[in-house]
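*Asks:* Here's a structure for you.
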Amino acid sequence: MRLFLSIEGGDGAGKSTQAELLMTRLKATGVNALLVHEPGGTDFGEHVRRLVKGDVPRSPMSELFLFEAARAQLVQEVIRPALDSGQVVVTDRYADSSITYQGYGRGLDLADVRALNHVATGGLMPDATVLLDIPPDRALARVDGSDGSDGRSDDLDQARFEREPLEFHQRVAEGFRTLASEESGRWFVVDASAQPDKVAEKVWAIVSNLLVLRGVG
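Numbers given in my numbering equal positions in the sequence shown, counted from 1, plus 79.
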């Protein structure tokens, strides 16, 4: 049976790192899995990603449309075909990021964001979402290296957002927690402040249980 997983969280939470570690674990257990990221994963999406990373001024709504356009292409070209073929699909960010970043963060009407998400995805939502939860100030310290790390962000597509003030990231974090509380059957919250290997073990415990329940592998 197919399984669609998303990994969400704010900048500096370690989503890309955990997605890669999860893929390594899935492949080691013989699971046919595919990793995608937003925005990107298609030729069109990569063009959008470069726009998102750039400094060209844009309104919050224009920004939202960029993400939705890339998402629509990714769903049609990559995600749906992979799921239809029986693959496990893991995505580094998905529609919930638009609700938190453009909705809670930028202040766009949440109903409008949800409506555009539905159009872009054709109603396709993850079977499960792992939220990597970490206080925004600690996450941003990872990004700029003030926590003693090398300062390398694994969220290259989100580089523009990293420059937003702490208050913006606090709104985003609160948005993620609100979504998780509203749909607790889909969301699994993991404390992402621990070392990556410890976080990876928690993520794997969640995913391996889902694989058993779904009869995957």
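The C-beta atom is built at its ideal place from N, Cα and C for all residues, glycine as well.
My assumption, with CB atoms under 8 Å, is that residue 150 sits in contact with residue 220. Please give the rounded CB distance.
*Replies:* Locating residue 150 in the sequence shown gives position 71, where the first residue counts as 1. Locating residue 220 in the sequence shown gives position 141, where the first residue counts as 1. Rounded, the Cβ-Cβ distance is 30 Å, inconsistent with contact.
*Asks:* Is the closest heavy atom of the ligand GDP to the C-beta of residue 186 under 6 Å?
*Replies:* The ligand GDP is absent from the structure shown, which contains no ligands of any kind.
*Asks:* Residue 82 and residue 295: beta carbons closer than 7 Å?
*Replies:* Counted from its first residue, the sequence shown places residue 82 at position 3. Counted from its first residue, the sequence shown places residue 295 at position 216. Against a cut-off of 7 Å, the Cβ pair of residue 295 and residue 82 comes out as a contact.
*Asks:* Provide the residue(s) that pair with residue 116 in DSSP beta bridges, ordered along the chain.
*Replies:* Residue numbering aside, residue 116 sits at position 37 when the sequence shown is read from its first letter. BP columns for residue 116 point to 171.
*Asks:* Considering only their Cβ atoms, is the gap separating residue 167 from residue 112 smaller than 7 Å?
*Replies:* Start at 1 with the first residue of the sequence shown, and residue 112 comes out as number 33. Start at 1 with the first residue of the sequence shown, and residue 167 comes out as number 88. Closer than 7 Å, so yes.
*Asks:* Look up residue 85 in the DSSP assignment and give the residues it is bridged to.
*Replies:* By 1-based counting over the sequence shown, the position of residue 85 is 6. According to DSSP, which records beta bridges pairwise, residue 85 is partnered with 170, 208.
*Asks:* Tell me which same chain residues have a C-beta within less than 8 Å of the C-beta of residue 275, skipping the five on either side of it?
*Replies:* As a working mapping, residue 275 is identified with position 196 in the sequence shown. Same-chain partners within the cutoff: 93, 96, 97, 100.
*Asks:* May I ask you to list the residues that DSSP assigns as paired with residue 276?
*Replies:* For this step, residue 276 is matched to residue 197 along the sequence shown. In the DSSP output, where bridge partners are listed per residue, residue 276 has none listed.
*Asks:* Pull up the DSSP beta-bridge partners for residue 267, would you.
*Replies:* On the sequence shown, position 188 is the one that residue 267 refers to. 209.
*Asks:* With respect to the alpha helix (DSSP H) encompassing residue 95, which residues constitute its N-terminal and C-terminal limits?
*Replies:* Numbered from its first residue, the sequence shown carries residue 95 at position 16. Run containing residue 95: 94 to 107, per the alpha helix (DSSP H) assignment.
*Asks:* Verify whether the separation of the beta carbon atoms of residue 265 and residue 179 is less than 7 Å.
*Replies:* Here residue 265 refers to the residue found at position 186 when the sequence shown is read from its first residue. Here residue 179 refers to the residue found at position 100 when the sequence shown is read from its first residue. Going by C-beta atoms, residue 265 is not nearer than 7 Å to residue 179.
*Asks:* Could you tell me which of 90, 89, 106, 257 sits nearest to residue 287, measuring between CA atoms?
*Replies:* Within the sequence shown, numbered from 1, the residue matching residue 287 stands at position 208. Per the Cα distances, 106.
*Asks:* Three or more C-beta pairs closer than 8 Å, one from the region 244 to 255 and one from the region 84 to 93: is that the case here?
*Replies:* Output reads yes: the region 84 to 93 touches the region 244 to 255.
*Asks:* Just mark residue 291 as buried or exposed, buried being the case when its beta carbon has 16 or more other beta carbons within 10 Å.
*Replies:* By 1-based counting over the sequence shown, the position of residue 291 is 212. When all chains shown are included, residue 291 counts as exposed.
*Asks:* Among 123, 196, 195, whose alpha-carbon lies nearest the alpha-carbon of residue 152?
*Replies:* Translated into the one-based positions of the sequence shown, residue 152 becomes position 73. Of the candidates 123, 196, 195, the one whose C-alpha sits nearest the C-alpha of residue 152 is 123.
*Asks:* As a quick exercise: from 140, 269, 273, pick the residue whose alpha carbon is nearest that of residue 182.
*Replies:* As a working mapping, residue 182 is identified with position 103 in the sequence shown. The shortest Cα separation from residue 182 among 140, 269, 273 belongs to 140.
*Asks:* Nearest CA to the CA of residue 262: which residue from 293, 205, 240, 196?
*Replies:* Sequence index remark: in the sequence shown, residue 262 carries index 183 (1-based). It is 205.
*Asks:* Is residue 195 closer than 7 Å to residue 142 when the C-beta atoms are compared?
*Replies:* If you number the sequence shown from 1, residue 142 lands on position 63. If you number the sequence shown from 1, residue 195 lands on position 116. In this structure, residue 195 does not lie closer than 7 Å to residue 142 by Cβ.
*Asks:* For the alpha helix (DSSP H) containing residue 179, name the first residue and the last one.
*Replies:* Residue mapping note: residue 179 aligns to position 100 of the sequence shown, counting from 1. Run containing residue 179: none; DSSP gives neither H nor E here.
*Asks:* With a CB to CB cut of under 8 Å and the five nearest residues on each side skipped, what residues in its chain are close to residue 26?
*Replies:* Look at the range of the chain in this structure, 80 to 296, and you will see that residue 26 is not part of it.
*Asks:* Using only alpha-carbon positions, find the residue among 203, 175, 245 that is nearest to residue 217.
*Replies:* Position 138 of the sequence shown, counted from the first residue, corresponds to residue 217. The option with the nearest alpha carbon to residue 217 is 245.
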